[in-house]
Amino acid sequence: MAAPVTWTTEDTEEVDCCLCGVRGRLVHDLAPFGVVRCPRCGLVFVSPRLRPEALQRLYDDVGYFEGGVYGGGVDGGDGTGPAAADGRFDPAMLLQRTWTAGRLALLDRVRGRSPDGRLLEVGAGYGLFLDAARRAGWETSGVELSRTGARHARETLGLDVFCGQLADAPLRPGFDVVCAWDTVEHVPDPLDLWRTVRSLVADDGVVLFSTPYVSSLPARLLGTRWWTLKPAEHIWHFTPRTHGVLLARAGLALTRVVRNPLAPANAGRLDSLVGVARPVPL
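First residue of the sequence shown? That's 52 in this note's numbering, and the numbers climb one at a time after it.
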């Protein structure tokens, strides 16, 4: 989980809507943060939000990936991870494995053929999904901002993971698949992210992603008590409509949205969705 830090206004900065370039109107005051909505397109985002250097400190904290969806820790899936002793049967880790299996199965369905080719994961974390994809037959690469996560992926699992921003990664275009699991809500500029993804994915490739969504029933009912609000780290809050608008602006077409919490790719997630997008011919 995130480090127990008390953020101040000196750690934050004002930002505009990534689609419209205008300031948002306040929805929730969570000082020193603000959750705002763009008056033009309706995109919800955090402003003021953490400055890049403060955000890096958050993601570099060794406790960031512990707890939450990673339960008591991270297990490489073969008993070699830091939670090998106590994480194998942790309910949160079982969910991680359910999502991974469900997302790989979804990928097979939308591609219509067996795993082959090159797969890139943006926001690879500790490398759990990439490791499973590699074992399924994919040639894998990853990008991860957290130095702690990237180091574990490289040194413990032997994965090819670049530590830094996607735009800075030395990647060869033509990926058959690009995945971004619970990542887009964290990045400074999601439009820039998707444009970079479009430049990397093959014209007949596919993009899969997941995010919380602000039009979900829990988000609408709970307001500031919504457990996924997390203004320090979740700085963009999408709906299926704003996902579609954002992806289209980047040259990608949203073709499928999975919101069912019974679907393996989205198991148990009442406030999250899984999306599938395809490149629009240039």
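Virtual Cβ for every residue (Gly too), placed ideally from N, Cα, C. Because the structure is a prediction, the values reported are computed rather than measured.
Beta-carbon proximity of residue i to residue j, cut-off 8 Å
i      : j      : result
Val66  : Arg100 : yes
Leu170 : Trp189 : yes
Arg307 : Val327 : yes
Thr293 : Asp322 : no
Pro315 : Ala187 : no
Thr199 : Phe180 : no
Phe84  : His288 : no
Inter-residue spacing [alpha-carbon to alpha-carbon] between residue i and residue j
i      : j      : result
Thr57  : Ala283 : 10 Å
Ile286 : Tyr177 : 21 Å
Arg160 : Asp62  : 44 Å
Gly225 : Leu272 : 42 Å
Pro239 : Arg310 : 25 Å
Leu333 : Leu145 : 41 Å
Val228 : Val252 : 7 Å
Pro291 : Pro312 : 16 Å
Arg108 : Val296 : 31 Å
Thr262 : Asp112 : 22 Å
Ala78  : Pro142 : The question names Ala, yet the displayed sequence has Val at residue 78. Near 34 Å, if we compare the C-alpha coordinates of Pro142 and Val78.
Asp182 : Gly319 : 23 Å
Leu208 : Arg91  : 45 Å
In DSSP terms, what residue i is bridged to
i      : result
Trp287 : Phe96
Gly193 : Glu172 and Val212
Tyr264 : Phe289
Secondary structure of residue i, DSSP reduced to three states
i      : result
Gly209 : coil
Trp232 : strand
Ala184 : helix
Gly124 : The predicted model places Gly124 with a pLDDT of 45, which falls under 50 and marks its position as unreliable; any figure quoted below should be read in that light. In the structure shown, Gly124 sits in coil (DSSP, three-state: anything other than H, G, I, E or B).
Short CB-CB distance (under 8 Å) between residue i and chain B
i      : result
Leu170 : Looking for chain B here will not work: only one protein chain is present.
Do the stretch 255 to 264 and the stretch 201 to 210 touch if we need at least three Cβ pairs shorter than 8 Å?
-> no
Would you check if there are 3 or more beta carbon pairs closer than 8 Å linking the stretch 206 to 221 to the stretch 242 to 253?
-> yes
Flag this pair as touching only if the stretch 273 to 282 and the stretch 295 to 312 have three or more C-beta atom pairs under 8 Å; answer yes or no.
-> no
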